[in-house]
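Trainee:
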Amino acid sequence: MKQAWRHLWRSRRRSLLTVFAVLIPVFILVLELGILNGENKSLFENTVKFETGHLQIQRAGDRPEGGALPLIDDPERILAIVDHTPGIAWRTVRLDLPALASNGSRSQGILIQGVVPEEIGQVSPIGKLIAEGTYLRTGEKGVVIGKELSSLLAAKVGDDLVLIGAHPDTGMGAADVPVVGVYTAPDPTLGRTMIQVDLGLAQTLARRPGAATSIVAFASGVAGPWDAPKIDRVVKELRAQLPSGYKVLDFRELAPDLKTFETVVRPIHVLFMAIFFILGGLVVLNTLFLSVIERTRELGVVLALGASRRRVMRMVLTEAFLLALVGAGIGALLGAGLVGLAESGGGLKLPGVYSDFARVMGMEPVLHMRVTLSELVVSGLAMVGVALLAAWVPARRAAALEPVEAMRHVD
Amino acid sequence: MSTNPVMRTEKLVKTYKTASVETPALRGVDLELCRGEFTAVAGPSGSGKSTLLHLLGGLDRPTAGEIYLDGVLLSSLSRDALSRLRLDRIGFVFQAYNLIPVLTVLENTAFVLELRGVALRERIARARKILGELGIEKYANQFPNRISGGEQQRVAVARAVVAEPAIVLADEPTANLDSKTSLELIDLMRHLNSEHAATFLFATHDARLLDRVSRLVTLEDGRIVRDEHRVKLAAARA
Ligand SMILES: Nc1ncnc2c1ncn2[C@@H]1O[C@H](COP(=O)(O)OP(=O)(O)OP(=O)(O)O)[C@@H](O)[C@H]1O
Ligand SMILES: [Mg+2]
Chain A
21 MKQAWRHLWR
31 SRRRSLLTVF
41 AVLIPVFILV
51 LELGILNGEN
61 KSLFENTVKF
71 ETGHLQIQRA
81 GDRPEGGALP
91 LIDDPERILA
101 IVDHTPGIAW
111 RTVRLDLPAL
121 ASNGSRSQGI
131 LIQGVVPEEI
141 GQVSPIGKLI
151 AEGTYLRTGE
161 KGVVIGKELS
171 SLLAAKVGDD
181 LVLIGAHPDT
191 GMGAADVPVV
201 GVYTAPDPTL
211 GRTMIQVDLG
221 LAQTLARRPG
231 AATSIVAFAS
241 GVAGPWDAPK
251 IDRVVKELRA
261 QLPSGYKVLD
271 FRELAPDLKT
281 FETVVRPIHV
291 LFMAIFFILG
301 GLVVLNTLFL
311 SVIERTRELG
321 VVLALGASRR
331 RVMRMVLTEA
341 FLLALVGAGI
351 GALLGAGLVG
361 LAESGGGLKL
371 PGVYSDFARV
381 MGMEPVLHMR
391 VTLSELVVSG
401 LAMVGVALLA
411 AWVPARRAAA
421 LEPVEAMRHV
431 D
Chain B
17 MSTNPVMRTE
27 KLVKTYKTAS
37 VETPALRGVD
47 LELCRGEFTA
57 VAGPSGSGKS
67 TLLHLLGGLD
77 RPTAGEIYLD
87 GVLLSSLSRD
97 ALSRLRLDRI
107 GFVFQAYNLI
117 PVLTVLENTA
127 FVLELRGVAL
137 RERIARARKI
147 LGELGIEKYA
157 NQFPNRISGG
167 EQQRVAVARA
177 VVAEPAIVLA
187 DEPTANLDSK
197 TSLELIDLMR
207 HLNSEHAATF
217 LFATHDARLL
227 DRVSRLVTLE
237 DGRIVRDEHR
247 VKLAAARA
């Protein structure tokens with residue numbers, strides 16, 4: 021170990037360069053993970069706030085035809101259970117109903133969210149995303165639609181829309197409803213398809229007073245998707261409590277897109293980073309190869325004295341290990357430091373275009389980054405592993421030297 | 017002197033083959049080295065001195081013939097076993113001092129003990145003791161490039177004997193030293209030879225060293241042409 025340190029020290033400049041080559045990939049990977057986590061978090065937040073919540077309670081059983089959810093006739097009974105379950109930060113009742121929205125000759129298939137405005141207002145950002153008009157008030161007969169739908173139907177604030185709800189269990193219900201607000205959606209599909217009305221109106225359209233389709237809830241203490249275990253705990257608890265005939269779905273089941281991020285998007289990014297790791301490994305390989313060639317004579321002596329080939333390999337691998345450990349350590353710390361610094365300054369301000377875009381969407385024009393200790397450790401260890409693998413080649417070469425020939429080597 | 021042979025060769029032949037030429041370096045060497053002998057191998061350049069030492073030390077394998085070290089047939093050993101045998105039974109001193117530059121004098125000396133798995137405390141103590149005997153204890157914490165050639169070669173001798181090998185093989189250990197330093201080094205080796213009953217075999221060009229040895233083997237053209245025991249001479253000197 022001491023010997024390895026001194027060798028590295030003897031060719032400081034090269035060692036430093038190698039440390040740098042090992043440091044960079046780890047540093048970039050940590051930043052990348054930081055950004056990915058940030059993106060994942062905003063994707064998560066958009067999804068859970070606009071659509072799914074952390075979890076929902078629905079009636080069990082197959083969805084009836086037409087994509088409608090089965091109706092819960094006495095949501096109060098379920099709410100009482102939810103309110104007694106620890107770890108729930110917030111809940112509301114929602115009635116989701118597929119419907120047709122028409123303005124004159126134009127119509128569009130949409131999904132109605134029948135909501136309790138003052139409850140959902142605490143969580144759903146739609147209230148803050150109103151571009152024209154106002155948000156819903158409880159008991160008000162009105163509808164909030166997305167910008168996209170507004171232009172599709174050529175409906176402005178004050179125009180009446182005809183909403184025709186069709187629930188397979190109850191039949192059709194229709195109402196003339198004035199547009200009270202137009203919101204800006206974080207994604208156009210949402211803006212084209214999702215509208216909100218007061219729960220009472222939705223019940224009328226579903227022809228089932230007092231009914232709902234889902235109880236939407238948030239678990240407490242969840243800052244991002246990485247806190248999913250807290251949600252899982254609540255889900256488990258609820259599953260134990262609920263009477264039969266009901267099911268609890270978590271955000272992953274409700275929004276498969278979120279899972280795609282975890283199973284596809286992040287792995288692809290991380291895999292891409294493998295290129296940098298391989299480059300770092302090649303630099304380690306090159307450095308140790310040079311070092312082995314330079315020290316041919318010395319290694320010859322060590323072998324002549326009777327050192328085993330394993331021992332000689334270990335000498336080379338130890339150097340690789342030290343270089344990689346130092347480089348990866350510094351890289352991980354620098355990455356974590358930068359992420360921490362950016363966060364302590366309130367996140368990275370997004371540049372120009374992105375910032376405007378974010379503001380239009382009612383989000384902070386800031387990229388929040390986050391990296392966990394285990395991600396740091398895994399990033400660093402991955403580099404150390406790659407370095408050791410790369411060092412295998414020069415180590416084998418060193419161990420294969422013939423002592424007599426090696427000692428004749430002039431350096 | 018005991019007649020117990022430490023090392024024995026039988027019709028040792030070594031022929032170096034390169035793409036086009038075959039160079040016969042040893043052409044049938046029969047040699048017996050006894051415990052406690054202090055033997056020089058002399059001979060003109062190219063006579064096969066280094067080749068012989070490499071074969072005896074298990075650093076290279078003969079083309080034909082056999083070598084026995086304390087009754088063990090070297091050719092029967094695998095590469096790894098041969099390496100282990102070098103570590104346990106043989107001490108080497110090379111012409112170019114060949115110390116490990118990043119290790120101090122003490123660490124260089126203790127290195128073979130470390131390879132053998134001797135505990136740290138013990139190897140430091142043993143290395144210090146031998147450095148003291150060779151009069152270079154004061155350099156214990158110096159790096160090799162900070163001391164003279166003669167001193168470096170003494171460290172090499174210390175490294176060769178510290179693990180108390182069956183035989184110490186030295187290939188022209190004084191070739192890079194001036195004559196005064198050379199004589200001092202040989203005297204030190206002679207001292208270790210008599211104090212520790214260590215068996216030495218060294219190759220040399222230098223005629224001035226030859227009156228210090230108890231036995232002189234002369235090689236010419238890969239054959240032993242003379243084998244003189246000089247017990248009396250050595251005894252007279254002592
Ligand atoms: N690796 C090798 N490949 C080919 N020929 C070799 C090799 N090593 C030695 N020889 C040849 O073998 C013969 C004996 O060489 P060796 O080095 O044993 O002689 P030496 O007595 O040690 O000479 P010197 O006094 O110059 O060191 C020489 O002719 C030499 O050229
Ligand atoms: Mg020679």
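Protein chains in written order, with this note's numbering: chain A, 21 to 431; chain B, 17 to 254.
For every residue, glycine included, the Cβ atom is placed at its ideal position computed from N, Cα and C.
Predicted model, so just to flag it, every value in this text is computed and none were measured.
Using a Cβ-Cβ cut-off of 6 Å (strictly less than) and excluding sequence neighbours within five positions of Thr31(B), which residues of its own chain qualify?
Mentor: Start at 1 with the first residue of the second sequence, and residue 31(B) comes out as number 15. For Thr31(B), where only same-chain residues beyond five positions count, the Cβ hits under 6 Å are Glu38, Pro40 and Thr79.
Trainee: Could you round the C-beta distance between Lys65(B) and Gly59(B) to whole angstroms and report it? I think they count as a contact, below 8 Å.
Mentor: Numbered from 1 along the second sequence, position 49 holds the residue referred to as residue 65(B). Numbered from 1 along the second sequence, position 43 holds the residue referred to as residue 59(B). The Cβ separation is near 6 Å, so the contact holds.
Trainee: Name the residues in the region 318-341 of chain A whose C-beta lies less than 8 Å from a C-beta of chain B; which are they?
Mentor: The region 318-341 of chain A vs chain B, Cβ under 8 Å: Glu318, Val321, Val322, Leu323, Ala324, Leu325, Gly326, Ala327, Ser328, Arg329 and Arg331.
Trainee: Can you pull the chain A neighbours of Asp96(B), defined as C-beta to C-beta under 8 Å?
Mentor: The count along the second sequence starts at 1 and reaches residue 96(B) at position 80. Result: Ser328 and Arg329.
Trainee: Could you pull out every residue in the same chain whose Cβ sits closer than 8 Å to the Cβ of Val359(A), ignoring the five residues on either side in sequence?
Mentor: The sequence position of residue 359(A) within the first sequence is 339, counting from 1. So the qualifying residues of the chain are Val50, Leu51, Gly54, Met389, Arg390 and Val391.
Trainee: Whose CA, out of Phe341(A), Leu361(A), Val398(A) and Arg329(A), lies closest to the CA of Leu421(A)?
Mentor: Translated into positions along the first sequence, residue 421(A) becomes position 401. Of the candidates Phe341(A), Leu361(A), Val398(A) and Arg329(A), the one whose C-alpha sits nearest the C-alpha of Leu421(A) is Arg329(A).
Trainee: Under 8 Å between the Cβ atoms of Arg228(B) and Ile202(B)?
Mentor: Within the second sequence, numbered from 1, the residue matching residue 228(B) stands at position 212. Within the second sequence, numbered from 1, the residue matching residue 202(B) stands at position 186. Yes, they are a contact pair.
Trainee: So is the beta-carbon of Ser198(B) under 7 Å away from any non-hydrogen atom of ligand 2?
Mentor: Translated into the one-based positions of the second sequence, residue 198(B) becomes position 182. The answer is no for Ser198(B).
Trainee: Select from Arg253(A), Asp218(A), Ala237(A) and Leu56(A) the residue whose C-alpha is nearest the C-alpha of Val143(A).
Mentor: In the first sequence, counting from the first residue as 1, residue 143(A) sits at position 123. Nearest of Arg253(A), Asp218(A), Ala237(A) and Leu56(A) to Val143(A), Cα basis: Ala237(A).
Trainee: Rounded to whole angstroms, how far is the Cβ of Ala88(A) from the Cβ of Pro118(A), which I believe are closer than 8 Å?
Mentor: Within the first sequence, numbered from 1, the residue matching residue 88(A) stands at position 68. Within the first sequence, numbered from 1, the residue matching residue 118(A) stands at position 98. Right, the Cβ-Cβ distance comes to about 5 Å (below 8 Å), so this counts as a contact.
Trainee: In angstroms, rounded to a whole number, what distance separates the CA positions of Gly382(A) and Gly191(A)?
Mentor: Reading the first sequence from its first residue, position 362 is the one you call residue 382(A). Reading the first sequence from its first residue, position 171 is the one you call residue 191(A). Unreliable positioning characterises Gly382(A) in this predicted model, as indicated by a pLDDT of 49, which lies under 50. The coordinate reading is nonetheless provided below. About 37 Å.
Trainee: Name the chain B residues whose beta carbon is nearer than 8 Å to that of Val424(A)?
Mentor: If you number the first sequence from 1, residue 424(A) lands on position 404. What Val424(A) touches in chain B: His70, Leu75 and Asp76.
Trainee: Kindly indicate which residue of Thr204(A), Ala195(A), Arg212(A) and Pro206(A) has the alpha-carbon position closest to the one of Gly220(A).
Mentor: As a working note, residue 220(A) is residue 200 in the first sequence. The residue with the shortest Cα to Cα distance from Gly220(A) is Ala195(A).
Trainee: Suppose the cutoff is 7 Å on Cβ atoms and the five residues either side in sequence are ignored; what does the same chain contact list for Leu119(B) look like?
Mentor: Numbered from its first residue, the second sequence carries residue 119(B) at position 103. These residues qualify, in order along the chain: Phe127.
Trainee: Mind reading off the beta-carbon distance from Gly211(A) to Lys148(A)? Whole number of angstroms is fine, and I expect it under 8 Å.
Mentor: Start at 1 with the first residue of the first sequence, and residue 211(A) comes out as number 191. Start at 1 with the first residue of the first sequence, and residue 148(A) comes out as number 128. At roughly 15 Å, the Cβ-Cβ gap does not stay under 8 Å, so Gly211(A) and Lys148(A) are not in contact.
Trainee: For Arg102(B), decide whether its Cβ has a neighbour in chain A, counting only Cβ atoms nearer than 8 Å.
Mentor: Residue mapping note: residue 102(B) aligns to position 86 of the second sequence, counting from 1. Yes, contact with chain A.
Trainee: Give every residue whose Cβ lies closer than 5 Å to any heavy atom of ligand 1, listed in chain order.
Mentor: Taking each Cβ in turn, the ones that pass are Tyr32(B), Thr39(B), Ala41(B), Ser61(B), Gly62(B), Ser63(B), Gly64(B), Lys65(B), Ser66(B) and Thr67(B).
Trainee: With a threshold of 7 Å, establish whether the CB of Glu425(A) neighbours any heavy atom of ligand 2.
Mentor: Here residue 425(A) is taken as the residue at index 405 of the first sequence, counted from 1. No, Cβ of Glu425(A) sits at least 7 Å from all heavy atoms of ligand 2.
Trainee: So what's Glu244(B) in DSSP terms, helix, strand or just coil?
Mentor: Locating residue 244(B) in the second sequence gives position 228, counting from the first residue. The answer is strand: DSSP assigns Glu244(B) an E or B state.
Trainee: By the criterion of Cβ-Cβ separation under 9 Å, what are the contact partners of Arg30(A) in chain B?
Mentor: Position 10 of the first sequence, counted from the start, is the residue given in the question as residue 30(A). Near Arg30(A) (Cβ distances below 9 Å), the residues of chain B are Pro117 and Val118.
Trainee: Would a check of beta-carbon distances place His27(A) closer than 8 Å to chain B?
Mentor: As a working note, residue 27(A) is residue 7 in the first sequence. Yes, its Cβ sits closer than 8 Å to a Cβ of chain B.
Trainee: At a threshold of 7 Å, does Glu236(B) count as lining ligand 2 (C-beta to nearest heavy atom)?
Mentor: Translated into the one-based positions of the second sequence, residue 236(B) becomes position 220. Flag unset: Cβ of Glu236(B) not near ligand 2.
Trainee: Roughly how many whole angstroms lie between the Cα atoms of Ala141(B) and Val134(B)?
Mentor: Here residue 141(B) is taken as the residue at index 125 of the second sequence, counted from 1. Here residue 134(B) is taken as the residue at index 118 of the second sequence, counted from 1. Answer to the nearest angstrom: the Cα atoms are 11 Å apart.
Trainee: Pick helix, strand or coil for Val136(A), following the three-state DSSP scheme.
Mentor: Within the first sequence, numbered from 1, the residue matching residue 136(A) stands at position 116. Residue state, collapsed to three classes: coil.
Trainee: I'd like the ranges of any alpha helix (DSSP H) spanning at least 4 consecutive residues and lying wholly in the region 179-244 of chain A.
Mentor: Runs of the alpha helix (DSSP H) inside the region 179-244 of chain A: 208-213 and 219-226.
Trainee: Run the CB neighbour count on Thr38(A), radius 10 Å, all protein chains shown included, and call it buried at 16 or more, exposed below.
Mentor: Sequence index remark: in the first sequence, residue 38(A) carries index 18 (1-based). By the neighbour-count rule (16 or more Cβ atoms within 10 Å), Thr38(A) is buried.
Trainee: Using alpha carbons as the reference points, say which of Gln78(A), Gly357(A), Leu169(A) and Thr213(A) lies closest to Gln133(A).
Mentor: Along the first sequence, read from residue 1 onward, the residue named residue 133(A) stands at position 113. When each option's Cα is compared against that of Gln133(A), the closest is Thr213(A).
Trainee: Tell me whether the beta-carbon of Ser399(A) lies closer than 8 Å to the beta-carbon of Ala352(A).
Mentor: In the first sequence, counting from the first residue as 1, residue 399(A) sits at position 379. In the first sequence, counting from the first residue as 1, residue 352(A) sits at position 332. Yes.
Trainee: Which residues share a DSSP beta bridge with Trp29(A)?
Mentor: The sequence position of residue 29(A) within the first sequence is 9, counting from 1. Its beta-bridge partners do not exist; DSSP assigns none.
Trainee: If Leu181(A) and Ser122(A) are in contact, beta carbons under 8 Å, what's the gap, nearest whole angstrom?
Mentor: On the first sequence, position 161 is the one that residue 181(A) refers to. On the first sequence, position 102 is the one that residue 122(A) refers to. Right, the Cβ-Cβ distance comes to about 7 Å (below 8 Å), so this counts as a contact.
Trainee: Could you pull out every residue in the same chain whose Cβ sits closer than 7 Å to the Cβ of Gln223(A), ignoring the five residues on either side in sequence?
Mentor: Within the first sequence, residue 223(A) is the residue found at index 203, counting from 1. These residues qualify, in order along the chain: Leu115, Gly134, Pro229, Gly230 and Ala231.
Trainee: Just tell me which of Pro45(A), Leu28(A) and Arg32(A) has its CA closest to the CA of Ile298(A).
Mentor: Translated into positions along the first sequence, residue 298(A) becomes position 278. For Ile298(A), the nearest C-alpha among the options comes from Pro45(A).
Trainee: Tell me, please, whether the CB atom of Met427(A) is closer than 8 Å to any CB atom in chain B?
Mentor: Position 407 of the first sequence, counted from the start, is the residue given in the question as residue 427(A). Chain B contact via Cβ: present.
Trainee: Which of the residues in the region 111-145 of chain B, read from start to end, lie with their CB under 9 Å from any CB of chain A?
Mentor: Going along the region 111-145 of chain B in chain order, one finds Ala112, Asn114, Leu115, Ile116, Pro117, Val118, Leu119, Glu123, Phe127, Val128, Leu131 and Arg132 with a Cβ nearer than 9 Å to chain A.
Trainee: Whole angstroms is fine: what's the gap from Ser198(B)'s alpha carbon to Val171(B)'s?
Mentor: Counting from one through the second sequence, the residue named residue 198(B) turns up at place 182. Counting from one through the second sequence, the residue named residue 171(B) turns up at place 155. Approximately 14 Å, taken between the alpha carbons.
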